[in-house]
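**Student:** This is the structure, below, for whatever I ask next.
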Amino acid sequence: MVLLDYTLYIWHYLTHKVPFLWRFHLAHHVDMDLDASTALRFHAGEMLLSVPWRATQVAVLGISPLGLALWQTLTLMEIMFHHSNVRLSYPVERRLCRLIVTPRMHGIHHSVVQKETDSNWSTIFSWPDYFHGTIRLNVPQDKIITGVAAYQNPAELTVGKIMKLPFTVDRPSWVVPQRGRPQREGLTDPATGLLPEGLYRRQSPMPRWKFLRPDLRKPARKRFIHRPQRPGHRHDCCG
Ligand SMILES: [Zn+2]
Numbered sequence: 000m001v002l003l004d005y006t007l008y009i010w011h012y013l014t015h016k017v018p019f020l021w022r023f024h025l026a027h028h029v030d031m032d033l034d035a036s037t038a039l040r041f042h043a044g045e046m047l048l049s050v051p052w053r054a055t056q057v058a059v060l061g062i063s064p065l066g067l068a069l070w071q072t073l074t075l076m077e078i079m080f081h082h083s084n085v086r087l088s089y090p091v092e093r094r095l096c097r098l099i100v101t102p103r104m105h106g107i108h109h110s111v112v113q114k115e116t117d118s119n120w121s122t123i124f125s126w127p128d129y130f131h132g133t134i135r136l137n138v139p140q141d142k143i144i145t146g147v148a149a150y151q152n153p154a155e156l157t158v159g160k161i162m163k164l165p166f167t168v169d170r171p172s173w174v175v176p177q178r179g180r181p182q183r184e185g186l187t188d189p190a191t192g193l194l195p196e197g198l199y200r201r202q203s204p205m206p207r208w209k210f211l212r213p214d215l216r217k218p219a220r221k222r223f224i225h226r227p228q229r230p231g232h233r234h235d236c237c238g
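Using numbering that gives the first Met the number 0, the final residue of the sequence shown is 238, and nothing's skipped along the way.
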């Protein structure tokens, strides 16, 4: 179970770093509202490309059918959980993320800032990120703009256009066209310390292109993590 999860960490890393695979994984990351539905928004091409990897995992690690079914169920549950906007109490989540991937932890992986996306690759257990030094927890959720920098126009993110995305990629992913690369400065250390929302406002400024999202300073809701969203681009259920 642990080794299957670890080899999925490697696969996730590859989907970001191998340009051909990233074209497909991009379809998952362009979602501008991170919630449990994001967990199901994977391009069919990515599912297909992952089949040989999955077969190798099973063959090399010698997994039984029952073991595989159990792991797949656990993985699906955990993916739904860590993409969701369920707002756990901060002290609980701060402890929990040492063991498994939590919503605040994975929220950082969906940031438009590349340095933040290039962290927190784990799926079920969080130890691979601690082990490889790719853990980053010091970004409060209300300071994160979700999505991919190059795709901030909702008109480009219809289902049809996202399906075609792997074949039409024509720009660097982490640069906002005509505006530059979103950066973040002045985060408090250490990177392994989970930060709650609403704190460290001064030490943790917005990415420099905050002007793209004028509605960023909304008070946090109680039950859900508040993540900045673009006006007119909300889910009916929780908007
Ligand atoms: Zn990813």
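Yeah, the Cβ is synthetic: ideal placement off N, Cα and C, and Gly gets one too.
1. Over what stretch of residues does the alpha helix (DSSP H) that includes Leu194 continue unbroken?
2. Among residues of its own chain, excluding the 5 on either side of Thr145, which ones have a beta-carbon nearer than 6 Å to its beta-carbon?
3. Using a Cβ distance threshold of 8 Å, determine whether the region 127-135 contacts the region 156-169, with at least three qualifying pairs required.
4. Per DSSP, Gly179 forms a beta bridge with which residues?
5. Among all the DSSP beta bridges, which residues are the ones paired with Phe124?
6. Give me the residue from Ala54, Met104 and Arg86 with the minimum Cα distance to Ala190.
7. How about Ser125 and Ile99: are their beta carbons less than 7 Å apart?
8. Count the other C-beta atoms from every protein chain shown that fall within 10 angstroms of the C-beta of Gln71, then say buried if there are 16 or more, exposed otherwise.
9. Quick one, are the C-beta atoms of Leu87 and Asn137 less than 7 Å apart?
10. Can Val112 and Pro18 be called in contact, C-beta distance under 7 Å?
11. Please classify Asn152 as buried or exposed, where buried requires at least 16 other C-beta atoms within 10 Å of its C-beta.
12. Would you say the region 89-97 touches the region 36-56, given that touching needs at least three Cβ pairs under 8 Å?
13. Determine the direct distance from the alpha carbon of Leu75 to that of Tyr5, and round the result to whole angstroms.
14. Can the beta-carbon of Ala148 be found less than 7 Å from the beta-carbon of Val174?
15. Helix, strand or coil for Val158 per DSSP?
16. Considering Asp169, what are the terminal residues of the alpha helix (DSSP H) in which it resides?
**Tutor:** On the basis of the data shown:
1. For the purposes of this step, residue 194 is taken as the residue at position 195 of the sequence shown. Careful: Leu194 lies outside any alpha helix (DSSP H) and carries neither H nor E.
2. Walking along the sequence shown from the start, residue 145 turns up at place 146. Excluding sequence neighbours, Thr145 sits near Met31, Leu33, His109 and Arg226.
3. Judged by Cβ distances under 8 Å, the region 127-135 makes no contact with the region 156-169, as fewer than three pairs qualify.
4. Taking the first residue of the sequence shown as 1, we reach residue 179 at position 180. Val175, per the DSSP bridge assignment.
5. Residue numbering aside, residue 124 sits at position 125 when the sequence shown is read from its first letter. According to DSSP, Phe124 bridges with Ile99.
6. Position 191 of the sequence shown, counted from the first residue, corresponds to residue 190. It is Met104 whose Cα lies nearest to the Cα of Ala190.
7. For the purposes of this step, residue 125 is taken as the residue at position 126 of the sequence shown. For the purposes of this step, residue 99 is taken as the residue at position 100 of the sequence shown. Their beta carbons are under 7 Å apart, which means Ser125 touches Ile99 by this criterion.
8. For this step, residue 71 is matched to residue 72 along the sequence shown. Gln71 is exposed by the Cβ-count criterion.
9. Counted from its first residue, the sequence shown places residue 87 at position 88. Counted from its first residue, the sequence shown places residue 137 at position 138. Contact flag unset, no.
10. Taking the first residue of the sequence shown as 1, we reach residue 112 at position 113. Taking the first residue of the sequence shown as 1, we reach residue 18 at position 19. Against a cut-off of 7 Å, the Cβ pair of Pro18 and Val112 comes out as no contact.
11. To locate residue 152, count along the sequence shown from 1; it is residue 153. Exposed.
12. no
13. What you label residue 5 is simply residue 6 of the sequence shown in a count that begins at 1. What you label residue 75 is simply residue 76 of the sequence shown in a count that begins at 1. One C-alpha to the other measures close to 15 Å.
14. Walking along the sequence shown from the start, residue 148 turns up at place 149. Walking along the sequence shown from the start, residue 174 turns up at place 175. Cβ atoms of Ala148 and Val174: closer than 7 Å.
15. Position 159 of the sequence shown holds residue 158. When DSSP states are grouped into helix, strand and coil, Val158 belongs to the helix group.
16. Counting from one through the sequence shown, the residue named residue 169 turns up at place 170. Careful: Asp169 lies outside any alpha helix (DSSP H) and carries neither H nor E.
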